[in-house]
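Structure first, commentary second.
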Amino acid sequence: MSIRIGVIGTGGIGGDHIRRIRNSLSGAVVTAVSDPDTERASASIDGVQGACVVGDGLDLINRSDVDAVLIASPGATHADFLTACLRIRKPVFCEKPLATNVADAWRVF
Ligand SMILES: NC(=O)c1ccc[n+]([C@@H]2O[C@H](COP(=O)([O-])OP(=O)(O)OC[C@H]3O[C@@H](n4cnc5c(N)ncnc54)[C@H](O)[C@@H]3O)[C@@H](O)[C@H]2O)c1
């Protein structure tokens, strides 16, 4: 069974990750993406069977069809998304930076 990945942020690097998961990885599929630019989000999963656009990253994290989360939204959003994943012990990969200020970095730590 494949690991079902939810991707938050479908811009430059998020789009790269989605293409990599789709074209180069075995054992993983993208099942959900979230981005305020919903057109970009939809385009990023064009042709990805069974994948959907979710309105909010926090909703994506809590979905039962998302086993692991990939965060590729702007840095200032990382701490909230990371802490949400850690709270429910959902595996997460986050692009750098961890946070954009010391208080947020400690919140994640
Ligand atoms: N581009 C790179 O090579 C690279 C390399 C390493 C790390 N990063 C990091 O990855 C992150 C994204 O960089 P990028 O270059 O892809 O930027 P980008 O501007 O191309 O893409 C960011 C995307 O996130 C979306 N977004 C904004 N707020 C959001 C939210 N609340 N929820 C979900 N999506 C949201 C934007 O609409 C946009 O589509 C940054 O933290 C950056 O520092 C980028």
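Here the sequence shown is numbered in our numbering, starting from 31 and rising by one per residue.
We treat Cβ as the ideally placed atom computed from N, Cα and C, and that holds for glycine.
Residues that DSSP places opposite residue i in a beta bridge
i	result
Cys124	Ile101
As assigned by DSSP and simplified to three states, the class of residue i
i	result
Thr61	strand
Ile91	helix
Arg34	strand
Val83	strand
Ala129	coil
Ser72	helix
Val112	Residue 112 is actually Leu in this sequence, not Val. Helix.
Beta-carbon proximity list for residue i, same chain, < 8 angstroms, skipping 5 on both sides
i	result
Ile48	Val37, Thr40, Val60, Val63, Ser74, Ile75, Val78
Ala135	Ala109, Leu128, Ala129
Any non-hydrogen atom of ligand 2 within 6 angstroms of residue i CB
i	result
Ile38	With respect to ligand 2, the structure shown offers nothing to examine, as its ligands consist of ligand 1.
CB of residue i within 7 angstroms of CB of residue j, strictly
i	j	result
Arg52	Val96	no
Val138	Thr113	yes
Glu125	Ala98	no
Gly87	Phe111	yes
Ser32	Ala58	yes
Cβ shell of residue i (< 6 angstroms), same chain only, five flanking positions each side left out
i	result
Arg70	Thr40
Phe123	Leu100
Own chain, CB closer than 7 angstroms to residue i, minus 5 neighbours either side, in chain order
i	result
Cys82	Ala62
Quiz: which residues have CB nearer than 7 angstroms to ligand 1 non-hydrogen atoms: Ile38, Gly39, Thr40, Gly41, Gly42, Ile43, Gly44, Ser64, Asp65, Pro66, Asp67, Arg70, Gly87, Ala102, Ser103, Pro104, Gly105, Thr107, His108, Glu125, Lys126, Pro127
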